[in-house]
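Numbering (my numbering), first residue to last: 9 to 259.
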C-alpha cells in the first residue's frame, strides 16, 4: 500500500536528500520546497481516504506546521520528530493517530529499554511506532538517529525486530542512503523487513516509479507499505502521479 508523508523542515513542507541533514548552514540538499501548507496536504490525504501517513519534523521550527496538519486530518496521520515521554500524549491529543519515536529511546548507541517502557506506559503499545531508519555499512543495516547523522550499535535483524515489536505496533524505516534520490528502492532492505518483521512496517527511500510500489507490495509479502516522496508530482516529481498511487490503494 501507498502511504503519504508530510516532511517538515524550517516550518515548510519539503523533500530532502536524507543523508544531507545536519547542522551546517547550506548543507541540506532540498529537492522540493512547497508553496502549499502542511494543512493543505493533510486535507488532500483526508479527502482521498489515505490513512497511516506520517508527519515528520526534521529539526526545530516545525511545531505549528505539524499541529496544523494534524488538525486538518485528526486521527489520520502519525507524528514523528522530537517525540519523548513528556510530549507524546500532547501530540496524540493534537490529533496524531500514533507517535513515532526514534532518537529519544536510543542512548549511547543502544536502545534504552527503560525509556521505551515508560513511553509504552504513557501512550500504549498500540499507538507507538518505532523509527528504525538505517544506513548500510559493510553487510549490515545500522539504525541511525539525530536527523540520521549518528550511527547506533543496533542492526536490522530478525532478533532486533522481534524484541522491539513487543513495544510497538509498527515500524517506520527510511533507507537513508537512498532517501530523496529517486533512483529506486533498496530491495534488499525491503526483503529483509518482509521476511523478518513480525508487525507491519512502512519503508521509505528511493521510490521512483509505480513499479516500486508494486515491488514493495510483492517482496514485502503484503506486510510492508511504501512511502513515496520526491518522485510524486505533488512534490515536484515526475516519476509517480499522486492520483495513480491513490488508485493503486483502491485496487
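Glycine included, every Cβ here is placed at the ideal spot set by N, Cα and C. None of these values were measured; they are calculated from a predicted model.
{"Check": "Own chain residues within Cβ distance below 6 Å of residue 186, not counting five before or after", "Outcome": "194, 213 and 214"}
{"Check": "Rounded separation between residue 248 and residue 242 - CA only", "Outcome": "9 Å"}
{"Check": "Closest Cα partner of residue 209 within the set 176, 158, 150 and 51", "Outcome": "176"}
{"Check": "Cβ pair count under 8 Å reaching 3, the region 95-109 against the region 145-154", "Outcome": "no"}
{"Check": "Residue 113, DSSP secondary structure in three states", "Outcome": "helix"}
{"Check": "Where residue 86 sits in the DSSP three-state scheme", "Outcome": "strand"}
{"Check": "Residue 184 and residue 201 closer than 8 Å at C-beta", "Outcome": "no"}
{"Check": "Opening and closing residue of the alpha helix (DSSP H) in which residue 63 lies", "Outcome": "Premise fails: residue 63 lies in the beta strand (DSSP E), 61-65, not in any alpha helix (DSSP H)."}
{"Check": "Beta-bridge partners of residue 212, as assigned by DSSP", "Outcome": "182 and 235"}
{"Check": "Cβ-based neighbour list, residue 244, same chain, cut-off 6 Å, excluding 5 preceding and 5 following", "Outcome": "40"}
{"Check": "C-alpha gap between residue 77 and residue 47, whole angstroms", "Outcome": "4 Å"}
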